[in-house]
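The next block holds one structure in the form of structure tokens; read it before the comments.
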Amino acid sequence: LNRQEYISNNTATSRDLHEKAQEVIPGGVTANIKHIDPHPIVMEKGNGSKLYDVDQNEYIDYLLSYGALIAGHGHPAVFEAAMEQMREAGTTIFGTPHRLETVMAEKLVSLYPSIEMVRFTNSGLEATMLAIRAAMAYAGKSKIAKFEGHYHGGYDQVLMSVNPDHGAAGDPTSPNAVPESLGIPDYYQENTVVLPFNDLDATEKILRQRADEVSAIILEPVQGGFIPADQTFIEGVRDLTEELGILLIFDEVKTGFRLGLGGAQESYGVTPDLTALGKVLGGGFPVGAIGGKKEIMDILSPAGSRDILTAGADQRAKHDTLFHSGTYNGHPTVLASGLATIELLEKDRTLEELFDKTNRLRNELEELYQAYNIPMQTVGLGSIFNIILADDSIKNYRDLKKADTSLRKELDYELLNLGIYTKPLNRYSLSTAHSEEDLKRTVEAHKQAIENVMK
Ligand code: PLP
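Quick note, the sequence shown lines up with residues 42 to 496 if you use UniProt numbering.
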């Protein structure tokens, strides 16, 4: 049996359920990324830092629903806030404005240096989509720019050069726009400029050539949640965009509340024009938000934006406002649990302790791998990191290709068997619920995994 197959020994019920699911759900998964070979592990309970699968195996969870669950599974304060909201309201949703929308908007304005006004969406994907639409309307140019390897949700405009095949990716200093899915119209490839992350000279060269066409740059200040932008790079991009009349959008869906309460923009001291948020903001429920300068955000007002638009005269004649809708936008239960989560994070030293814990785990893992002479580094910031099996410094998408992913994958399957959950090759996100005992068990499991792989 190879390693991938033998997870099936402990997860027979998962395998059976997956077979059934495949009859009615393509691939048996509700998002392509949820597939793992030979079959996903089907979970049925969560508690604090732990997940339990349908065969009653226990896992220390480092996926945390792709980083959303910063307080762990089922935190009592978060649970209670959602339930109390429903009990008090006597309903799940009003379909009208309600108080919590303003409470949460005020909270985001107070925490995020660049945010003066807020709109809510139901996912991070919708948030980046809306930010891009607002930026396109405001700046009135035909293209957007994004960085190679950066993920902003699974829709046409940004599902470009996220994980491109090396052959297709082109020159590292002027990457090609490579669609990542079937069904993406050519329009998006033609109208997306792809930039190399953490390479300011190459980015500047491309931007100076394309400035007249590019409305906005969208970027993850920390690529994939774990490769930080260099301080000089992110400052340089801010200066360039200001000089060239290009809006700057920070996608803080992952970094929001995880690098600090004010996200990456607070820790870097760099102010974007628009910010997309999600994940932690919903306390485990579906959510997204955009925020930004009043001058730009006012474009979204139904009162009309005739006087606000600075460009795009022909559009202005047809539409006097930028359309944004969503049956569930600003859902009260979601906002209640999100607010309860933020309140937990606002308590003294909560985030510092989370970062300390994360750093300790990173150090111990690095020491362990070093003891076995396996080239390894942890790459990350705040409460997220990834394990990269390479000595070279990792600054962007191309650098990631230097890592030994086949060994990492073998170790990840061993770790699944040993009760450490993250998707193979995925990053590690920590929560306030992870205990010292969890960290100890995690390091021991890595030791065992290394021993097993080296046998
Ligand atoms: N942007 C970033 C940086 C993300 O990490 C994600 C999700 O992983 C998204 C956008 C999309 O968010 P959602 O999955 O809530 O649509």
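We put the beta carbon where it would ideally sit given N, CA and C, even for glycine.
Which of helix, strand or coil does DSSP assign to residue 568?
The first residue shown for the chain is 42 and the last is 496, placing residue 568 beyond what the model contains.
Here's a check: name, in chain order, each residue in its chain whose Cβ is nearer than 7 Å to the Cβ of Ile268, leaving out the five neighbours to either side.
Here the question's residue 268 lines up with position 227 in the sequence shown. Setting aside the 5 residues that flank it on each side, Ile268 is surrounded in the same chain by Val420, Ile435, Lys436 and Asn437, each with a C-beta closer than 7 Å to its C-beta; the list follows chain order.
Looking at the strands, I want to know which residues DSSP matches up with Pro220.
Counting from one through the sequence shown, the residue named residue 220 turns up at place 179. Beta-bridge annotation (DSSP): Pro220 is paired with Met201.
Please state whether DSSP places Ile74 in a helix, a strand or coil.
Working through the sequence shown from its first residue, we reach residue 74 at position 33. In the structure shown, Ile74 sits in a helix (DSSP, three-state: H, G or I).
Any heavy atom of the ligand PLP closer than 7 Å to the CB of Thr169?
Here the question's residue 169 lines up with position 128 in the sequence shown. At least one heavy atom of the ligand PLP lies less than 7 Å from the C-beta of Thr169.
Suppose the cutoff is 7 Å on Cβ atoms and the five residues either side in sequence are ignored; what does the same chain contact list for Asp96 look like?
Locating residue 96 in the sequence shown gives position 55, counting from the first residue. Cβ within range, chain order: Asn51, Thr52, Ala53, Thr54 and Ser55.
Starting from Asp102, follow its DSSP beta bridges and name the residues at the other end.
Taking the first residue of the sequence shown as 1, we reach residue 102 at position 61. Listed as beta-bridge partners of Asp102 by DSSP are Tyr462.
Per DSSP, what are the beta-bridge partners of His114 in this structure?
Reading the sequence shown from its first residue, position 73 is the one you call residue 114. According to DSSP, His114 bridges with Gly89.
Per DSSP, which one or two residues make a beta bridge with Ala270?
For the purposes of this step, residue 270 is taken as the residue at position 229 of the sequence shown. Answer is none; Ala270 lacks a bridge partner.
So for Gln411, helix, strand or coil by DSSP?
As a first step, residue 411 must be located in the sequence shown, where it is residue number 370. Reduced to three states, the DSSP call for Gln411 is helix.
If the criterion is Cβ atoms closer than 8 Å, does the pair Lys182 and Val235 meet it?
Counted from its first residue, the sequence shown places residue 182 at position 141. Counted from its first residue, the sequence shown places residue 235 at position 194. Result no, Cβ atoms of Lys182 and Val235 do not sit closer than 8 Å.
Are the region 280–287 and the region 244–258 touching by the rule of at least three beta carbon pairs closer than 8 Å?
These segments touch.
Can you tell which of Met127, Thr132 and Thr233 has the C-alpha that lies nearest to the C-alpha of Asn217?
The residue you call residue 217 lines up with position 176 of the sequence shown. Checked all of Met127, Thr132 and Thr233; the closest Cα to Asn217 is Thr233.
If you draw a straight line from the C-alpha of Asp271 to the C-alpha of Leu466, how long is it?
As a position in the sequence shown, residue 271 is number 230, starting the count at 1. As a position in the sequence shown, residue 466 is number 425, starting the count at 1. When rounded, the distance between both Cα atoms is 24 Å.
Reducing DSSP to helix, strand and coil, say where Tyr469 ends up.
Position 428 of the sequence shown holds residue 469. Shown here, Tyr469 sits in a strand according to DSSP, grouped into three states.
Could you give the distance in angstroms between the alpha-carbon of Leu141 and the alpha-carbon of Val83?
Within the sequence shown, numbered from 1, the residue matching residue 141 stands at position 100. Within the sequence shown, numbered from 1, the residue matching residue 83 stands at position 42. Roughly 34 Å separates the two Cα atoms.
Pull up the distance between the alpha-carbon of Thr391 and that of Leu471, whole angstroms please.
Position 350 of the sequence shown, counting from 1, holds the residue named residue 391. Position 430 of the sequence shown, counting from 1, holds the residue named residue 471. Looking at the two C-alpha atoms, the distance is approximately 12 Å.
Just mark Arg160 as buried or exposed, buried being the case when its beta carbon has 16 or more other beta carbons within 10 Å.
Stepping through the sequence shown from its first residue, residue 160 is reached at position 119. Arg160 is buried by the Cβ-count criterion.
State the Cα-Cα distance for the pair Thr382 and Ser308, rounded to the nearest angstrom.
Position 341 of the sequence shown, counted from the start, is the residue given in the question as residue 382. Position 267 of the sequence shown, counted from the start, is the residue given in the question as residue 308. Thr382 and Ser308 have their C-alpha atoms spaced approximately 20 Å apart.
Cβ separation of Gln306 and Ser155, assumed to be a contact under 8 Å, to the nearest whole Å
Translated into the one-based positions of the sequence shown, residue 306 becomes position 265. Translated into the one-based positions of the sequence shown, residue 155 becomes position 114. Right, their Cβ atoms sit about 6 Å apart.
Would you list the residues sitting across from Gln264 in a DSSP beta bridge?
Start at 1 with the first residue of the sequence shown, and residue 264 comes out as number 223. Ile268, per the DSSP bridge assignment.
Alpha carbon to alpha carbon, how far is Pro117 from Gly131?
By 1-based counting over the sequence shown, the position of residue 117 is 76. By 1-based counting over the sequence shown, the position of residue 131 is 90. Approximately 21 Å, taken between the alpha carbons.
Start and end residues, alpha helix (DSSP H) containing Val150
The sequence position of residue 150 within the sequence shown is 109, counting from 1. That run of the alpha helix (DSSP H) goes Arg140 to Leu152.
With a threshold of 7 Å on Cβ separation, who are the neighbours of Ala486 within its own chain once the five nearest residues in sequence on each side are excluded?
The residue given as residue 486 occupies position 445 in the sequence shown. Closer than 7 Å at the Cβ level, and outside the excluded window around Ala486, lie Leu456, Leu459, Gly460 and Ile461.
Put Glu387 into one of helix, strand or coil per three-state DSSP.
Counting from one through the sequence shown, the residue named residue 387 turns up at place 346. In the three-state DSSP reduction, Glu387 falls in the helix class (H, G or I).
Would you check whether the ligand PLP has a heavy atom nearer than 7 Å to the C-beta of His139?
Start at 1 with the first residue of the sequence shown, and residue 139 comes out as number 98. His139: no, Cβ never under 7 Å from the ligand PLP.
So if DSSP puts Gln45 in a beta bridge, which residue, or which two residues, is it bridged to?
As a position in the sequence shown, residue 45 is number 4, starting the count at 1. Looking at the DSSP assignment, Gln45 forms no beta bridge with any residue, so it has no partner.
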